[in-house]
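Protein chains in written order, with the working numbering: chain A, 675 to 981; chain B, 7 to 93.
Just so you know, even glycine gets a beta-carbon here, dropped at the ideal spot from N, CA and C.
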Amino acid sequence: MAIKDLPREELMHPGAGSCPACTDLLTLRMTLKALGPKTVLVTPASCTASVACGYPKTPFGVPVLTMAFAAGGAAASGAVAALHRLGEDDVNVVVWAGDGGTYDIGLQSMSGAMERGTNFIFVCYNNEIYSNTGVQRSGATPFGAWTTTTWKGKVDQRKDMPAIMLAHRLPYVATASASYIEDLYRKVQKAASIRGPKYLEFHIPCAPGWRFPMERTIEMGRLAVETGAWALFEADDGKVEFNLRSKQILDGKTQRKPIEEYLELQGRFAHLFRPERDEEALAGIQQFIDREWERYKQLAACGMSVG
Amino acid sequence: MERYTADTTISYPCDGAAGRTGGWRDFRPVIDLTICIRCLRCWAYCPEGAVLRADDDSVSINYDYCKGCGICAYECPKKVIAMEREE
Numbered sequence: 675m676a677i678k679d680l681p682r683e684e685l686m687h688p689g690a691g692s693c694p695a696c697t698d699l700l701t702l703r704m705t706l707k708a709l710g711p712k713t714v715l716v717t718p719a720s721c722t723a724s725v726a727c728g729y730p731k732t733p734f735g736v737p738v739l740t741m742a743f744a745a746g747g748a749a750a751s752g753a754v755a756a757l758h759r760l761g762e763d764d765v766n767v768v769v770w771a772g773d774g775g776t777y778d779i780g781l782q783s784m785s786g787a788m789e790r791g792t793n794f795i796f797v798c799y800n801n802e803i804y805s806n807t808g809v810q811r812s813g814a815t816p817f818g819a820w821t822t823t824t825w826k827g828k829v830d831q832r833k834d835m836p837a838i839m840l841a842h843r844l845p846y847v848a849t850a851s852a853s854y855i856e857d858l859y860r861k862v863q864k865a866a867s868i869r870g871p872k873y874l875e876f877h878i879p880c881a882p883g884w885r886f887p888m889e890r891t892i893e894m895g896r897l898a899v900e901t902g903a904w905a906l907f908e909a910d911d912g913k914v915e916f917n918l919r920s921k922q923i924l925d926g927k928t929q930r931k932p933i934e935e936y937l938e939l940q941g942r943f944a945h946l947f948r949p950e951r952d953e954e955a956l957a958g959i960q961q962f963i964d965r966e967w968e969r970y971k972q973l974a975a976c977g978m979s980v981g
Numbered sequence: 007m008e009r010y011t012a013d014t015t016i017s018y019p020c021d022g023a024a025g026r027t028g029g030w031r032d033f034r035p036v037i038d039l040t041i042c043i044r045c046l047r048c049w050a051y052c053p054e055g056a057v058l059r060a061d062d063d064s065v066s067i068n069y070d071y072c073k074g075c076g077i078c079a080y081e082c083p084k085k086v087i088a089m090e091r092e093e
């Protein structure tokens, strides 16, 4: 899959209300390219909902059902049942939720929909904060990051949501990044080709929330993968396989870059570097990433059985 | 487009749902097509879909809606896109 092979058709209209350099919008654009017009989106409260919710105009070229924060999975279950009743089983039902609507507030209804075997795709676009409401911490915010509710840096580690989804024994779980757009496109298409509940998680750098110059947004996502702060993998029937750069790192063909190269470019970690370096916190973050990769090795070796 | 009647609020798709977002721009991307290699990275990575792809894979900018984020210029492997200050 090369960039040239991406379809020309655009299902997102230009002139949406999102911030400049918004990777939520970028990944939405690519996801809709991959899925085509026979798609229904469900958006719980999130940045996307505030982009979609305008009246009387919307930038979406597909139907969007805007839903309460906790109800993404439940609304998708209803949409799938309604479409089935209408005899339209070939429609992709996609929940498009932020990390708040996935890790925290949306967790139980999503878990229920997964457990019931609903035929849908749940996409978590993870920018590691509640950005729409003004940058509050979420369960996906990494240790040490400044937010408006953790103004001396978050003191807890993030959850591992893809692992929680693997434990649901889904036929397909994958992580992707806005900075590896062909990989993301392929994973969305693959998810659409599989029946049953699918979980995708996109890592999407947020320039206003993470406080870095917006033109470096794609570079920031790339650095997250190169430093190992984010890993690209997919699990087909529980068999875990890492992709692209993350596979090279796992196989020992490429070294992970030091995590500081990723942190020091972001204003949300500035307090770890200025006025003086917080050596303890920086070493702690690096150790956490190292431990994560030990765990990834075990995950790639053992996977998670389905059935 | 088919219009629906329902007891709820329905919005319809169109360009510029949030207005002419090109007015948000501080810097304007300008492409030098003579050295562009048509790799389409700018088109793929434009969040807005404001980089237009022609049939021959040449690119141009939709200035009505380009928000001037500069991702296209930063990601261009040949650096053929300059960000010029808006008047």
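- Item | Those residues which DSSP pairs with VAL716(A) across a bridge | Residue pairing for VAL716(A): DSSP places it in a beta bridge opposite LEU739(A), VAL769(A).
- Counted within 10 angstroms of its Cβ, other Cβ atoms place PHE796(A) as buried (16 or more) or exposed: Result: buried.
- Neighbourhood of PRO845(A) by C-beta, 8 Å cutoff - its chain only, sequence neighbours within 5 removed: Excluding residues within five positions, the ones whose Cβ falls inside 8 Å are ILE868, ARG869, GLY870, PRO871, LYS872, ASP910, ASP911, VAL980.
- Among the residues of its own chain, which have a CB less than 6 Å from the CB of CYS693(A), if the five just before and after it don't count? These residues qualify, in order along the chain: PRO882.
- Message: Please tell me whether LEU700(A) and VAL768(A) are closer than 8 Å, where the distance is taken between their beta carbons.
- Response: No.
- Item | Counterpart residues of ASP910(A) in DSSP-defined beta bridges | Paired residues: TYR846(A), LYS913(A).
- Query: At least one CB of chain A closer than 8 Å to the CB of PRO83(B): is that the case?
  - Reply: Any Cβ of chain A closer than 8 Å to the Cβ of PRO83(B) would place that residue at the interface, and such an atom is absent.
- Item | Residue closest to THR822(A), alpha-carbon to alpha-carbon, out of TYR936(A), GLY977(A), TRP884(A) | Out of TYR936(A), GLY977(A), TRP884(A), the CA that lies nearest to the CA of THR822(A) is found in TRP884(A).
- Item | Assumed close pair LYS828(A), PHE817(A) - CB separation to whole angstroms, cut-off 8 Å | Your pair LYS828(A) and PHE817(A) checks out as a contact, with CB atoms roughly 6 Å apart and the cut at 8 Å.
- Give the straight-line distance between the Cα atoms of LEU906(A) and SER851(A), rounded to the nearest whole angstrom. Straight-line Cα distance between these residues: approximately 7 Å.
- In the DSSP assignment, find the alpha helix (DSSP H) that holds LYS861(A) and state where it starts and stops. Where LYS861(A) is concerned, the enclosing alpha helix (DSSP H) stretches over 855 to 866.
- Whole-angstrom C-beta distance between ILE878(A) and THR722(A), which should lie under 8 Å: Incorrect: roughly 11 Å between the Cβ atoms, too far for contact.
- Task: Use the C-beta contact count for GLU954(A): other C-beta atoms within 10 angstroms, 16 or more gives buried, fewer gives exposed.
- Result: With fewer than 16 other Cβ atoms within 10 Å, it is exposed.
- Per DSSP, ALA676(A) forms a beta bridge with which residues? DSSP, once it has assigned bridges, lists no residue as partnering ALA676(A).
- Applying a beta-carbon distance threshold of less than 8 Å, which residues of chain A neighbour THR15(B)? Correct list: TYR729.
- Query: If you drop the 5 nearest sequence neighbours on each side, which residues of the same chain put their C-beta closer than 7 Å to that of ASP857(A)?
  - Reply: Same-chain partners within the cutoff: ALA850, LEU906, ASN917, LEU918.
- Item | Proximity to ILE892(A) [Cα-Cα], best of CYS82(B), GLU93(B), ALA88(B), ARG91(B) | For ILE892(A), the closest C-alpha among the options CYS82(B), GLU93(B), ALA88(B), ARG91(B) is that of CYS82(B).
- Query: Can you give the beta carbon distance from TYR628(A) to SER724(A), rounded, assuming they're within the 8 Å contact cut?
  - Reply: Absent from the model: residue 628(A). The displayed extent of chain A is 675 to 981, so no value can be given.
- Using a cut-off of 9 Å between C-beta atoms, extract the partners of ARG703(A) located in chain B. Ordered by position in chain B, the residues that pass the 9 Å Cβ test against ARG703(A) are CYS52, PRO53, GLU54, GLY55.
- Message: Please confirm whether MET686(A) has its beta-carbon closer than 8 Å to some beta-carbon of chain B.
- Response: Closer than 8 Å to some Cβ of chain B, the Cβ of MET686(A) qualifies, so yes.
- Could you tell me which of ASP70(B), ASP13(B), ALA60(B) sits nearest to THR27(B), measuring between CA atoms? Looking only at ASP70(B), ASP13(B), ALA60(B), the smallest Cα-Cα distance to THR27(B) is reached by ASP70(B).
- Beta-carbon spacing of LEU937(A), LEU946(A) below 8 Å: Yes, the Cβ-Cβ distance between LEU937(A) and LEU946(A) is below 8 Å.
- Message: I'd like to know if CYS42(B) contacts chain A, where contact means its C-beta is closer than 8 Å to some C-beta of that chain.
- Response: Chain A contact via Cβ: absent.
- Please state whether DSSP places LYS931(A) in a helix, a strand or coil. When DSSP states are grouped into helix, strand and coil, LYS931(A) belongs to the coil group.
- Could you list the residues in the region 728 to 760 of chain A with a C-beta less than 7 Å from some C-beta on chain B, going in chain order? With the criterion set as a beta carbon lying under 7 Å from some beta carbon of chain B, the members of the region 728 to 760 of chain A are GLY728, TYR729, PRO730, LYS731, THR732, PRO733, PHE734, GLY735, in sequence order.
- Item | For TYR982(A), the three-state DSSP class (helix, strand or coil) | Nothing in the structure corresponds to residue 982(A), since chain A is present only between 675 and 981.
- Task: Evaluate the contact criterion for the region 43 to 52 of chain B versus the region 748 to 765 of chain A: three or more CB pairs, one atom per stretch, below 8 Å.
- Result: Note that the region 43 to 52 of chain B does not touch the region 748 to 765 of chain A; fewer than 3 beta-carbon pairs, one per stretch, sit closer than 8 Å.
- Could you check the C-alpha separation between VAL899(A) and ILE963(A) for me, to the nearest Å? The straight-line gap from Cα to Cα measures roughly 11 Å.
- Message: For a cutoff of 8 Å on Cβ pairs, would you count ALA79(B) as touching chain A?
- Response: Output row for ALA79(B): interface = yes.
- Run of the beta strand (DSSP E) containing VAL809(A), from where it starts to where it stops: Judged by DSSP secondary structure, VAL809(A) falls outside any beta strand (DSSP E); it is assigned neither H nor E.
- Query: Per DSSP, PRO19(B) forms a beta bridge with which residues?
  - Reply: Paired residue(s): THR732(A).
- Distance CB(ALA748(A))-CB(ALA787(A)) smaller than 8 Å: Yes, these two residues count as a Cβ contact at 8 Å.
- Between the C-alpha atoms of SER785(A) and GLU875(A), what's the straight-line distance to the nearest angstrom? In a straight line, the C-alpha of SER785(A) is about 15 Å away from that of GLU875(A).
- Item | Helix, strand or coil at ARG91(B) according to DSSP, with G and I counted as helix | Three-state DSSP puts ARG91(B) in a strand.
- Message: Taking the straight line between their C-alpha atoms, what separation do you get for SER2(B) and LEU39(B)?
- Response: With chain B represented from 7 up to 93, any question about residue 2(B) goes unanswered, as that position is not in the structure.
- Would you say CYS721(A) reaches chain B, if we count a Cβ-Cβ gap shorter than 8 Å as a contact? Chain B contact via Cβ: absent.
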